[in-house]
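Residue numbers (numbering that gives the first Met the number 0), protein chains in the order written: chain A, 0 to 130; chain B, 0 to 130.
Number of protein chains: 2
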Amino acid sequence: MKIGDLATEVGIDIQTLRYYETQGLLDEPQRLQNGYRDYPDKAIASLMFIKKAKLVGFTLKEIKDLLAIQVTKDEHTCQEVKKFTQIKLDEISKKIKELTHIKSALKKIHTSCCGGDETAAHCSILSALES
Amino acid sequence: MKIGDLATEVGIDIQTLRYYETQGLLDEPQRLQNGYRDYPDKAIASLMFIKKAKLVGFTLKEIKDLLAIQVTKDEHTCQEVKKFTQIKLDEISKKIKELTHIKSALKKIHTSCCGGDETAAHCSILSALES
DNA sequence: ATAAACCCTAAAGTATACTATAGAGTCAAG
DNA sequence: CTTGACTCTATAGTATACTTTAGGGTTTAT
Chain A
0 MKIGDLATEV
10 GIDIQTLRYY
20 ETQGLLDEPQ
30 RLQNGYRDYP
40 DKAIASLMFI
50 KKAKLVGFTL
60 KEIKDLLAIQ
70 VTKDEHTCQE
80 VKKFTQIKLD
90 EISKKIKELT
100 HIKSALKKIH
110 TSCCGGDETA
120 AHCSILSALE
130 S
Chain B
0 MKIGDLATEV
10 GIDIQTLRYY
20 ETQGLLDEPQ
30 RLQNGYRDYP
40 DKAIASLMFI
50 KKAKLVGFTL
60 KEIKDLLAIQ
70 VTKDEHTCQE
80 VKKFTQIKLD
90 EISKKIKELT
100 HIKSALKKIH
110 TSCCGGDETA
120 AHCSILSALE
130 S
């Protein structure tokens, strides 16, 4: 799979794919005889993950770390992975919690603020969050 | 409340507070006789919201838009708010969904990959997401 | 009354994550 | 056999979100 096909497939710019490669987020693919990059199908999964992780506020560095998770039978590495995943799980729980708060505030504005006569006073994100 | 106190209170740098003001995210506060900014208590709530919204991947521009939600009795404005909040609700639902996926993958790695003998093969974020 | 700690503006500098440009080679269709 | 679409590297430019610097005034504690 050539870079243009991959770019179309995942909806990411060609330049960005090459940039991700330089940053170590995307494995260096095999090259064809002519020097063109030849991506394996699994590159699609990697990029979809990168897209989604970016959407929810992870930096490229953090995403790189997530993609780098590897457990070996070495106890040391195992403990490190346990520790790392725990930290990330906590971060994610926090993110979900914050999103849930913001969502409920927006929902409140969406469902009630355009209905009544005197409800408009509460229809800002901050006042919706307060109550 | 002076800018240093506010900065300490919310855990955001003084320079960043002034930057947010220039970007229209934070209301211009009253000034004391000496020209110092004098923030009302509600600035704390605004900044906590900004922090949380940033954490989950919203840009300053998007946060500004969220903070600007105002419903008046004007039908036109009301429809605009409805439309805007619906779009944001969809975005947030998507973010929560993605975070939930990533979370379950990490949980899988966290709970199972350091246990058995031959489990290590599945212990990457991508393979954990697949299944 | 003076030094440390705080505040001000304006402007330059930095990190992250792209995005575009230049100059060149490769390939498929007519 | 050439033209248009694709690829390559290297490098420069841009947008966002800070962060630092410079040069100055104010407040508080000793």
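Note that beta-carbon positions come from the ideal geometry of N, C-alpha and C, so glycine has one too. Predicted model, so just to flag it, every value in this text is computed and none were measured.
With a cutoff of 8 angstroms on beta-carbon distance, B:Ile-101 and A:Leu-98 are scored as not near each other. B:Gln-78 carries a helical assignment under DSSP once its states are collapsed to helix, strand and coil. Membership of A:Val-55 in any alpha helix (DSSP H) is not indicated, and neither H nor E is assigned to it by DSSP. With 16 or more neighbouring CB atoms inside 10 Å of its own CB, A:Leu-105 falls in the buried class. A direct Cα-Cα distance of roughly 26 angstroms separates A:Glu-61 from B:Leu-16.
Under the DSSP definition of a beta bridge, B:Asp-37 partners with B:Gln-29. Taking a C-beta cut-off of 7 angstroms against chain A, the contacting residues of the region 30-61 of chain B are Ala-44, Ser-45, Phe-48, Lys-51, Ala-52, Leu-54, Val-55 and Gly-56, listed in chain order. Only Thr-71, Lys-72, Cys-77, Gln-78, Val-80, Lys-81, Thr-84, Gln-85, Lys-87 and Leu-88 from the region 71-89 of chain A bring a Cβ to less than 8 angstroms from some Cβ of chain B. Look at A:Lys-72 here: in three-state DSSP terms it is coil, with no helix or strand label. Between A:Lys-107 and A:Cys-113, the alpha-carbon positions lie close to 10 angstroms from each other. Chain-order list of chain A residues neighbouring B:Lys-1: empty, with the shortest C-beta distance near 22 angstroms, by a criterion of under 7 angstroms. A residue is called buried once 16 or more other Cβ atoms fall within 10 Å of its Cβ, and B:Arg-30, having fewer, is exposed. Exposure of A:Tyr-35 is indicated by the presence of fewer than 16 other C-beta atoms within 10 angstroms of its C-beta.
Interface residue (Cβ-Cβ distance to chain B less than 8 angstroms): A:Glu-27 is not classified as such. Following the DSSP letters along the chain, one finds A:Gln-14 inside the alpha helix (DSSP H) bounded by residues 13-21. Cβ neighbours of A:Gly-10 within its own chain (closer than 8 angstroms, five residues either side excluded): Lys-50. In the DSSP assignment, A:Gly-3 falls within the alpha helix (DSSP H) that extends over 2-9. When Cβ-Cβ separations below 8 angstroms define contact, A:Glu-8 makes no contact with chain B. In this chain, B:Ser-123 is not harboured by any alpha helix (DSSP H), its DSSP state being neither H nor E. With its beta carbon at least 8 angstroms from every one in chain B, A:Ser-130 lies outside the interface. Remark: C-beta atoms of B:Ala-42 and B:Leu-5 approach each other more closely than 8 angstroms. B:Ile-68 is positioned such that its CB atom lies closer than 8 angstroms to that of A:Cys-122.
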